[in-house]
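To start, the structure under review is shown below, and the notes come after it.
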Amino acid sequence: MHNRKPPDWWQYSTSCWQQLVELLNQLQPDTAGHCANQTNWQLLRQGDTNSNYKLSLTFQDYFVQLADQAKVDQLPGGHYRSQARLASENPALSKWLPKCLLDNEEIRVSIWLYASPTVNQHFNNPDLIIELSRLLSELHHSELSLPELDMNAHLAKYYEISRANKTADPIRSQVLFEQGQKLADYFEASHCCHNDISPGNLLSGHQLFLVDWEYAALSDPLFELAGIIFNFELSELQEQELVEEYQRQSNMLVDKDKLEAMKGLYRIITELWYIGNA
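In structure tokens:
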């Protein structure tokens with residue numbers, strides 16, 4: 001086995017490194033050793049609970065996601081779940097995900113996608129709205145063994161995170177938490193949801209791809225829609241077109257008042273997270 005000992009610059013667990021090298025040696029026996037060369041690693045972004053890299057080797061590029069064990073308690077289940085492979089093995093969802101090669105509580109490796117993050121302007125394209133609505137419909141009607149998102153507990157966790165920041169305004173956190181508690185009454189954990197559809201997680205290439213599944217849970221489809229509206233800063237027209245197409249594709253009626261409540265709830269949770277991690 002080559003390079004079982006992590007290089008000096010490696011900041012994650014030894015187990016994580018060994019799993020990666022073992023996988024690469026199986027896929028590319030003559031090139032896996034090159035993963036020890038730091039120049040082959042490109043940091044893409046720091047996620048809420050992970051670090052994401054493009055690893056470029058001789059014959060193949062890979063997406064490598066490494067969990068930040070110090071932040072995994074912020075996830076709905078309180079731990080990093082290996083859910084990308086679970087979703088990729090579902091026949092209805094597999095076409096929307098990159099091929100997953102390794103997925104556990106420490107590390108995720110998949111084939112690199114030549115796709116770009118979606119942005120607000122993409123929602124001016126009716127074809128994207130149709131494709132995204134089809135993806136959402138298939139996801140929300142799928143049957144995955146996901147944890148149920150307890151919104152009251154989830155909200156309380158983010159409130160705790162915000163209060164842990166001693167430089168933040170505790171009154172602001174309290175106000176947000178109390179507002180969120182009222183809106184959480186509208187939330188129903190009824191369908192499989194991704195819960196974090198944002199520009200970095202919804203990728204556009206020859207089709208749409210959905211990545212980063214660690215927030216996936218039984219959740220509320222309108223909370224999912226609210227997250228898209230918030231994360232992509234959709235205009236009223238863009239929102240209207242998305243909601244109408246989603247209703248058509250999913251055969252699910254969108255309660256406009258409830259959607260407004262979910263938009264407020266999503267904004268509050270996001271703000272509490274930013275307060276805690278400022």
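Just so we're aligned: 51 in full-length UniProt numbering is position 51 of the sequence shown, and the numbers increase by one with no gaps anywhere. Note that beta-carbon positions come from the ideal geometry of N, C-alpha and C, so glycine has one too.
| Query | Result |
| --- | --- |
| Contacts around valine 119, its chain only, beta-carbon distance under 8 Å, and the 5 residues preceding and following it disregarded | Pro199 and Phe232 |
| Cβ distance (whole Å) where tryptophan 9 is taken to contact glutamine 38 below 8 Å | 5 Å |
| Validate contact between the region 173 to 191 and the region 100 to 111 using beta carbons, cut 8 Å, 3 pairs | no |
| Spatial distance of glycine 205 from aspartate 169 (CA atoms) | 42 Å |
| Sequence ranges, alpha helix (DSSP H) only - wholly within the region 214 to 254, length at least 4 | 221 to 231 and 236 to 250 |
| Exposed unless 16 or more other CB atoms sit within 10 angstroms - verdict on proline 221 | buried |
| Whole-angstrom distance between glutamate 244 and alanine 217, CA atom to CA atom | 24 Å |
| Isoleucine 107 - containing beta strand (DSSP E), residue span | 107 to 111 |
| Buried/exposed call for residue 334, threshold 16 Cβ in 10 Å | Outside the displayed span of the chain (1 to 278) sits residue 334, for which this structure offers no information. |
| Residue nearest to threonine 58 in terms of C-alpha spacing, selected from Leu86, Leu27, Asn165 and Ala87 | Leu27 |
| When Leu20, Leu202, Ala164 and Phe209 are compared against asparagine 277, the one with the closest alpha-carbon | Ala164 |
| Tyrosine 80 (DSSP reduced to helix, strand or coil) | Any answer about tyrosine 80 is weak, because its pLDDT of 47 lies below 50 and its placement is not dependable; what the coordinates show is given next. Here tyrosine 80 sits in coil by DSSP. |
| Inter-residue CB distance, leucine 237 and leucine 259 (contact presumed, cutoff 8 Å) | Contact doesn't hold; Cβ gap of about 15 Å is too wide. |
| Distance between proline 98 and serine 110 (C-alpha atoms, nearest Å) | 6 Å |
| Three-state secondary structure (DSSP) of methionine 1 | For methionine 1, the pLDDT reaches just 48, beneath the cut-off of 50, and the residue's location in the model is therefore unreliable, although a value from the coordinates is still provided. Looking at methionine 1 - three-state DSSP - the assignment turns out to be coil, as it is neither helix nor strand. |
| Own chain residues within Cβ distance below 7 Å of aspartate 142, not counting five before or after | It should be pointed out that residue 142 corresponds to serine in this sequence rather than to aspartate. These residues qualify, in order along the chain: Asn90, Ala92, Leu93 and Cys192. |
| Same chain only: Cβ atoms within 8 Å of alanine 101, ignoring 5 sequence neighbours per side | First, the amino acid is wrong: residue 101 is leucine here, not alanine. Taken in chain order, the residues that qualify are Leu23, Leu27, Tyr62, Val109, Ser110 and Ile111. |
| C-beta atoms of tyrosine 159 and leucine 265 nearer than 8 Å | no |
| Runs of beta strand (DSSP E) lying entirely within the region 104 to 181, each at least 3 residues, in chain order | 107 to 111 |
| Simplified DSSP assignment, three categories, for glutamine 19 | helix |
| Beta-carbon separation (whole angstroms), isoleucine 228 vs isoleucine 269, contact threshold 8 Å | Not a contact, Cβ separation roughly 15 Å. |
| Through-space distance from leucine 55 to leucine 149, alpha-carbon basis | 33 Å |
| Residue environment, lysine 263, which counts as buried when at least 16 other CB atoms sit within 10 Å | buried |
| Cβ-based burial, serine 116 [other Cβ within 10 Å; buried from 16] | exposed |
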